[in-house]
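Working notes, structure below.
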Amino acid sequence: MDIFVELAIAAEQLQRAWVTRNISWEQQRRQEAEEQARRAREEADRIERERLAAIAKAKLDALYADAAALQQAAHIRTYADQVAGALSGLLPTGQLESWVAWARNEADRLDPFKSGRAVQSVEGHFAEESEKSSDAGE
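Counting from 1 along the sequence shown, just add 31 to a position and that's the residue number in the numbering used here.
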């Protein structure tokens, strides 16, 4: 009879050791999964911050480019007016008018207001803002 009691005790001890190892293993797996999820969230947050920074930089670059283009367009128009005034009567009228028209068309192409880029820039700015708002509400 003692052998059966000893076997039962040994079996109970083995089962308890197995259960303890299993619980420890499950806790470790859970901790690893939580750590992996935390790292994934941090990576997603980092990627989103980088995306938003890139958008902000692109918007600022476009703003600087449009402001520079507006100034350049104004300079071209001023120059075309000065050429027209200075060379009036020195060149055939058709040539001078054709050149001035070409210069003004180039200025209009650069001008963010006349080309429509200013409207697109403002609309794009607010489209991105509304995307952020709708993403935050989800």
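Virtual Cβ for every residue (Gly too), placed ideally from N, Cα, C.
What did DSSP end up calling residue i once you bin it into helix, strand or coil?
i, result
"residue 120", "coil"
"residue 142", "coil"
"residue 125", "helix"
"residue 147", "coil"
For the putative contact between residue i and residue j, defined by C-beta atoms under 8 angstroms, what is the C-beta separation to the nearest angstrom?
i, j, result
"residue 135", "residue 108", "6 angstroms"
"residue 9", "residue 93", "Residue 9 lies beyond the residue range present for the chain, which begins at 32 and ends at 169; the question has no answer from this structure."
Beta-carbon separation of residue i and residue j under 8 angstroms?
i, j, result
"residue 115", "residue 131", "yes"
"residue 138", "residue 97", "no"
"residue 90", "residue 156", "yes"
Under a CB-based cut-off of 8 angstroms, is residue i close to chain D?
i, result
"residue 84", "No chain D appears in the structure shown, which is made up of a single protein chain."
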